[in-house]
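Chains A and B supply the protein sequences, listed in that same order. Add 47 to a position in the first sequence, counting from 1, and you land on the number used in the working numbering. Add 47 to a position in the second sequence, counting from 1, and you land on the number used in the working numbering.
Protein chains: 2
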Amino acid sequence: MSNNVNLGPNATLIGAKGSRARLTTPALVLDLEAFEHNLAAMAAFARATGIGLRPHVKTHKSVEIARRQIAAGARGVSAATLGEAETMVAGDIPGVLITSPVVPAAKIERLIALNQRARGLMVVVDHPDNLAALEAAARQAGTRLRVVIDVDVGTKRTGVDSIQSALALAKIIMASDALTLSGVQGYAGHLQHVIDYAERRRLSHEALRPLAVLRDQLRHWGVMDPIVSGAGTGTFDIDTEGGALNELQVGSYVFMDVQYDEVEPARGGWRFRPSLFVAASVISANHPDHVTIDAGLKCFATDGPLPRVMRGAPPGTRYAFMGDEHGRLVFANAAEGLPLGAMVECFVPHCDPSVNLHDLYHCVRGDQLVEIWPIDARGRH
Amino acid sequence: MSNNVNLGPNATLIGAKGSRARLTTPALVLDLEAFEHNLAAMAAFARATGIGLRPHVKTHKSVEIARRQIAAGARGVSAATLGEAETMVAGDIPGVLITSPVVPAAKIERLIALNQRARGLMVVVDHPDNLAALEAAARQAGTRLRVVIDVDVGTKRTGVDSIQSALALAKIIMASDALTLSGVQGYAGHLQHVIDYAERRRLSHEALRPLAVLRDQLRHWGVMDPIVSGAGTGTFDIDTEGGALNELQVGSYVFMDVQYDEVEPARGGWRFRPSLFVAASVISANHPDHVTIDAGLKCFATDGPLPRVMRGAPPGTRYAFMGDEHGRLVFANAAEGLPLGAMVECFVPHCDPSVNLHDLYHCVRGDQLVEIWPIDARGRH
């Protein structure tokens, strides 16, 4: 975390009694109690099942949160982009796995430079041309690059499309003294939000089967302890059952969101609690049945469900988008509305892209603002 | 524009031949030729119709673009948030109209401070309680604040709901020596994207009728040259016909977007050209009918239509979202795909929230990157 970060208009409220209710809005609010519960719950799950954690920073983009994940036992973090990886390495976070192929030449140059100052950096690869480019760049720099084979387990987004293609890449990597084969990755992004738990479980087990075959073959070829990385918050407890994965790339569990809350968890319910909200204020109140707040589609991701009103409003109050900077709160009972200036908090609809719209986490404990953390890698596409 | 802005990984390409095709992606690309055409076309329209321009910076959030709008004849700019207004005033942009009510006490304090260093700042008001708070704050600071009455012309978002309510606010303002009544605002946000031109025209004329009544009453009461501000890119040429408006808050015309391109313009077609694109690279190419690019829902707004592939891909190529960091390009003909590393440019779906996802404009002229401008007020909710 850089020392000269602008902590915004709420910095003077840190530590003040009742400051949560006095935040300048819109403000992204992180409830530390729920957040710490979530960190501990996933760490406990990993310990109990003997699985490694490499949580995904695409969700939070924060060095401070990555540090806490490492402190809670994670062996590293996953990053979606080179920019996120650079931010994490600058924050001295070890074991960064870049989970998307790094392809353009200018980026490969940055990747190799990053590899020289990082501890345990890894990057996925899914194509022989990209592999050749990585190999040439690592060789030229006189460095050794750790690579992980990305296997398409049904998302059809990135990844090789067959076990044969994966093994062909493995052979090339193993034959190179500029590359180290660190393992395989398979992320079933398309299954994380399958509503029905039993169906999600069945599909996930089926999808990850090729990863076990690959792992066994790599071991047979003498690859020591290959990582088999995958899963998301929707399948964290499912994907460890199959025996294929040995580490989890879970991201959303630290915050949860309306989208995951609408997915059926295992029996016993979600182990994770809502921790991430947008605080907003009523800025127009000229109608009996609704008011307008200062948080619209530049504050909340619009790719999933609607934000859910959680604090400060009468029961049954619903949110509706009203443009870039505005949202509408519709009251169940027109007699129980909210006055001008009232503040509410809304649970974020889809956490990753919602976080990416903000610069700061306003960390609260109970009713008090206690810290502000920068979203260091926001916009590092 | 601050002097210590980080111009990102493409800064070294400025002025290089063919640099547009070598941008590190994803990158927001502004085609200066189309952009300058759009600035000139709106300025010419304003001159021809005798209407004032106060373009909305919520679209571009850039001091550099605001400067060019002023240089092309705009009398000021409109801002959706206090943060945008602060950014514009810091960039020495005069005549900022804040188009949403500023309500919480901490923000009113900032507003009054801003008013003391700004030239011609104005803020809208739509409620007597807010007006009383503004009056008290201006009085206490010993300053005079210009206010504009926000009139709801059908969007039901902000604004007073009747001519009577507007006139009641006007009387309070005129009686105060800490406030100056600068005019009225009516923005028909709900009509900007009515597809059919004739229908949009009919509805817009009807919606703005109360503004003319108000203007006449204010003049009758002795208000000198009240501004009557409103309109968007969808109704810029319609709202000037009615005679109610005397200035335009248009924003999107500088860029255009897929959403406006799907709206029927006046006969003769849109006067404005697409100028804003996201450049993206193919990072996975393991399927005959589609590839994956490095621009997903953290690069494009998802509240409107899909991005439109405009450059670098075979005709008929369609974009589909594939998560936070990825998009899919689906080819019309599988035999005419794109290789790994190929670069494409996509026209932005809805310009305002798409811009807000980026930090920099990569300004191109033809095939060359010629300047990089910061998106100064990005995230200034």
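Glycine is no exception: its CB is placed at the ideal position from the N, C-alpha and C atoms.
- The alpha-carbon of Lys64(B) is positioned some 30 Å away from that of Ala424(B).
- Rounded to whole angstroms, Asp224(A) and Leu265(A) show a C-alpha spacing of 17 Å.
- Counting other Cβ atoms within 10 Å of its Cβ, Lys218(B) stays below 16 and is therefore classed as exposed.
- Taking 8 Å as the cut-off between beta carbons, the residues of the region 61-84 of chain A near chain B are Arg69, Thr71, Thr72, Pro73, in sequence order.
- With a threshold of 8 Å between beta carbons, Gly277(B) makes no contact with chain A.
- Taking all protein chains shown into account, Arg427(A) has 16 or more neighbouring C-beta atoms within 10 Å of its C-beta and is therefore buried.
- One finds nothing in chain B with a Cβ atom closer than 8 Å to the Cβ of Asp284(A); even the nearest lies about 22 Å away.
- Pairing Val198(B) with Thr202(A), the inter-Cα distance amounts to about 49 Å.
- Neighbours of Asn177(A) in chain B, taken as residues at a C-beta separation under 7 Å, are given in chain order as Leu387.
- If you look at Met369(A), you'll find it isn't in any alpha helix (DSSP H); DSSP assigns it neither H nor E.
- Under the Cβ criterion of 8 Å, Val150(A) is counted among the residues facing chain B.
- Within the region 392-414 of chain A, the residues whose Cβ lies closer than 8 Å to any Cβ of chain B are, in chain order, Asp399, Pro400, Asn403, Leu404, His405, Asp406.
- Scanning the region 326-351 of chain A for uninterrupted beta strand (DSSP E) segments of 3 residues or longer gives 337-340, listed from N- to C-terminal end.
- Residues of chain A with a Cβ closer than 8 Å to the Cβ of Glu372(B) are, in chain order, Lys105, Ala127, Thr128, Ser147, His428.
- In the DSSP assignment, Ala74(B) falls outside any alpha helix (DSSP H) and within the unbroken beta strand (DSSP E) covering 74-78.
- Shown here, His409(B) sits in a strand according to DSSP, grouped into three states.
- In terms of beta-carbon proximity, Lys218(A) stays away from the interface with chain B, with every pair separated by 8 Å or more.
- Chain A has no Cβ within less than 8 Å of the Cβ of Gly233(B).
- Within the same chain, and ignoring the five residues on either side of Pro386(B) in sequence, the residues whose Cβ sits closer than 8 Å to its Cβ are Val329, Ala332.
- Distance from Ala367(A) to Arg375(A) at the Cβ level is roughly 4 Å; contact confirmed, criterion being Cβ atoms closer than 8 Å.
- In the three-state reduction of the DSSP assignment, Ala121(B) falls in the coil class, being assigned neither a helical nor a strand state.
- Looking at the DSSP output, Phe394(A) shares a beta bridge with Phe324(A), Arg355(A).
- Leaving aside the five residues that flank Val150(A) on each side, the residues in its chain whose CB is nearer than 7 Å to its CB run, in chain order, Asn177.
- When DSSP states are grouped into helix, strand and coil, Gln239(B) belongs to the coil group.
- If you draw a 10 Å sphere on the C-beta of Arg164(B), you find fewer than 16 other C-beta atoms in it, and that means exposed.
- For Leu250(B), the uninterrupted alpha helix (DSSP H) run begins and ends at 244-267, by DSSP.
- Secondary structure note for Gln211(A): it is in no beta strand (DSSP E), and the uninterrupted alpha helix (DSSP H) holding it is 210-222.
- Contact fails between the region 307-314 of chain B and the region 133-144 of chain B, because fewer than three Cβ pairs, one in each stretch, are under 8 Å apart.
- When Cβ-Cβ separations below 8 Å define contact, Gly97(A) makes no contact with chain B.
- Judged by DSSP secondary structure, Arg193(A) falls within the beta strand (DSSP E) whose first and last residues are 192-197.
- Fewer than three beta-carbon pairs drawn from the region 109-125 of chain A and the region 391-399 of chain A are found closer than 8 Å, and the two stretches are therefore not classed as touching.
- Less than 8 Å separates the beta-carbon of Thr128(A) from that of Ser147(A).
- Around the beta carbon of His337(B), 16 or more other beta carbons lie within 10 angstroms, which makes this residue buried.
- In terms of Cβ geometry, Pro400(B) and Asp350(B) form a close pair [threshold 8 Å].
- Under the criterion of beta carbons closer than 8 Å, Val270(A) and Asn293(A) do not qualify as touching, at roughly 13 Å.
- Three or more Cβ pairs closer than 8 Å define a contact, and the region 404-422 of chain A meets that threshold against the region 67-78 of chain A.
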